[in-house]
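Quick notes on the structure that follows.
Chains as they are written, first to last, in our numbering: chain A, 384 to 476; chain B, 45 to 243.
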């Protein structure tokens with residue numbers, strides 16, 4: 384048995400797909416990286432899946448900069464529940 | 045920062061803040077809420093897709109945090125600890141929902157992307173045209189909300205909150221391999237959900 388857990392070969396599109404996550408996360412062995420990249424260079428469908436997957440993650444990561452806002456009313460109620468009403472402006476209690 | 049104004053300079057660093065919390069100082073509690081409530085709420089609303097449930101989780105999180113602050117051993121950041129409490133509270137809410145798609149304890153099958161090639165559409169360039177405007181953001185948030193609970197929780201922690209796969213697994217109390225499988229499926233599913241909007 385090989386000591387390298389990823390010592391295997393990529394033979395078809397389904398296998399490419401199963402390795403895409405590790406590839407994107409930089410967790411694929413150099414050998415498998417080379418095989419996967421060789422496949423992507425010649426397989427249009429896999430290339431499209433890879434590219435759109437990358438685009439998906441690129442867009443999602445931008446959400447980090449745009450979190451859903453905490454409504455003021457929710458914040459006021461939280462302070463009230465925590466018995467911290469002394470910090471809430473009197474007119475908004 | 046909007047809403048209630050709190051002087052965050054009272055506690056210049058996290059160690060001082062935690063010490064204040066352990067003393068039961070109300071100002072420390074107010075500072076903690078002011079600093080961490082927005083992100084806790086963001087996690088809750090993305091996980092639950094319901095403002096009322098998200099508010100309940102928000103309140104449960106900080107009530108639990110203050111009650112158990114003496115058990116916080118500072119081996120992780122305060123934010124991580126709060127996110128773990130919030131995630132667990134949100135998971136409890138999801139479990140209570142009668143019409144959920146799959147049990148949260150149900151193992152995820154390993155085979156991925158069975159129908160990934162059913163419809164391969166190339167929309168790689170499309171969203172670049174309008175970057176992250178509100179329309180794209182709404183499409184993304186809606187698509188994420190349509191992920192099954194098991195996949196969405198992992199995806200939010202890993203891809204939006206930026207936790208490592210190991211941290212995500214730890215927060216959710218699942219194995220790293222299970223987290224990886226769910227993350228993989230979530231990414232592929234989200235890609236499919238976005239295709240009709242951007243292709």
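A virtual CB, placed ideally from N, CA and C, is assigned to each residue, including glycine. Every value quoted in this text rests on a predicted model; they were computed, and no experiment measured them.
When the Cα of residue 445/A is compared with those of 181/B, 95/B, 232/B and 221/B, which residue comes out closest?
Of the listed residues, the one whose Cα sits closest to residue 445/A is 181/B.
Roughly how far, in whole angstroms, is the beta-carbon of residue 55/B from the beta-carbon of residue 64/B, given that I think they are within contact range, below 8 Å?
Their Cβ separation, rounded to whole angstroms, is 6 Å, which keeps residue 55/B and residue 64/B in contact under 8 Å.
Does any C-beta atom of chain B lie closer than 8 Å to the C-beta of residue 434/A?
So yes, residue 434/A belongs to the interface.
Quick one: is residue 62/B near chain A, going by C-beta distance under 8 Å?
Not an interface residue.
Could you have a look at residue 116/B and say whether DSSP puts it in helix, strand or coil?
Note: residue 116/B maps to coil in three-state DSSP.
Just checking: is the beta-carbon of residue 116/B within a distance shorter than 8 Å of some beta-carbon in chain A?
No, no contact with chain A.
Does the beta-carbon distance from residue 127/B to residue 183/B come in below 8 Å?
Cβ atoms of residue 127/B and residue 183/B: not closer than 8 Å.
For residue 113/B, which residues of its own chain have a beta-carbon under 7 Å away from its beta-carbon, when the five flanking residues on both sides are left out?
Cβ neighbours of residue 113/B beyond the five flanking positions: 65 and 66.
Buried or exposed for residue 78/B, please, with buried defined as at least 16 other CB atoms from any protein chain shown within 10 angstroms of its CB.
Counting Cβ neighbours within 10 Å, residue 78/B comes out buried, since at least 16 surround it.
DSSP state of residue 471/A, grouped into three classes?
Correct three-state label for residue 471/A: coil.
Just to confirm the assignment, what range does the alpha helix (DSSP H) spanning residue 418/A have?
Counting along the chain, the alpha helix (DSSP H) containing residue 418/A begins and ends at 413-425.
How big is the Cα-Cα spacing for residue 95/B and residue 410/A?
So the two alpha carbons sit approximately 37 Å from each other.
Cβ closer than 9 Å: which chain B residues qualify as neighbours of residue 425/A?
Near residue 425/A there are no residues of chain B at all, since even the closest Cβ is about 15 Å away, more than 9 Å.
Which residues in chain A sit within 7 Å of residue 103/B, going by Cβ to Cβ distance?
Correct list: 461 and 464.
Check whether chain B comes within 8 Å of residue 364/A, counting only Cβ atoms and requiring the distance to be less than that.
For chain A, the structure presents residues 384 to 476; residue 364/A sits outside this window and is missing.
Specify the secondary structure class of residue 441/A as computed by DSSP and reduced to three states.
Residue state, collapsed to three classes: helix.
Please compile the residues from chain A whose C-beta is within a distance smaller than 9 Å of the C-beta of residue 70/B.
Under the 9 Å cutoff, chain A gives 465, 466, 467, 469 and 470.
Which term fits residue 136/B, buried or exposed, when burial requires 16 or more other beta carbons within 10 angstroms of its beta carbon?
Its Cβ having fewer than 16 others within 10 Å, residue 136/B is exposed.
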